[in-house]
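In our numbering, the protein residues as written are 392 to 496. Cβ coordinates follow ideal geometry from the N, Cα and C atoms, glycine included. The structure displayed is predicted, hence computed values, not measured ones. Report on the following structure.
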């Protein structure tokens, strides 16, 4: 079970629940992978709904790895994500929000 107070998000892949979390290391990996000028630029893309499928996959991979998953972007691309493309985008956005804000009570 994901704990939102620690920044965790439940991510369903191929019918199994995984815990995603954007740790500091995962955030650094994400920044390097996307070649982003800053993480704020990435967050703004999500806020303005200008993100790409590549952004979603990169955020999910970083979050899943932060939660201990050992897979690759290619494996994630072949996996069935709970909720489909919309569910994947929602999980990626949640990861970013929880990395930088406390959950609401």
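So, with DSSP's three-state summary, where would you put residue i?
| i | result |
| --- | --- |
| residue 393 | coil |
| residue 508 | The requested residue 508 does not occur in the structure, where the chain is confined to residues 392 to 496. |
| residue 401 | strand |
| residue 492 | coil |
| residue 440 | coil |
| residue 459 | coil |
| residue 424 | helix |
Residues in its own chain within less than 6 Å of residue i by CB, not counting five upstream and five downstream?
| i | result |
| --- | --- |
| residue 457 | 412, 413, 414, 417 |
| residue 408 | 401 |
Please return the same chain residues whose Cβ sits closer than 8 Å to the Cβ of residue i, not counting the five positions on each side in sequence.
| i | result |
| --- | --- |
| residue 434 | 487, 491 |
| residue 397 | 412 |
If residue i sits next to residue j, beta carbons under 8 Å apart, how far is it from one beta carbon to the other, in whole angstroms?
| i | j | result |
| --- | --- | --- |
| residue 473 | residue 403 | 3 Å |
| residue 395 | residue 489 | 6 Å |
| residue 410 | residue 399 | 5 Å |
| residue 424 | residue 470 | The pair is not a contact, with the Cβ atoms about 18 Å apart (cut-off 8 Å). |
| residue 479 | residue 437 | With a Cβ gap of about 12 Å, residue 479 and residue 437 do not count as contacting. |
Just grab the DSSP bridge partners of residue i for me.
| i | result |
| --- | --- |
| residue 472 | 404 |
Got a sec? Which residues, its chain only, sit under 7 Å from residue i by beta carbon, not counting five neighbours each side?
| i | result |
| --- | --- |
| residue 422 | 430 |
| residue 468 | 448 |
request  = Would you be able to state if there are at least three C-beta pairs under 8 Å between the segment 458-476 and the segment 439-450?
outcome  = yes
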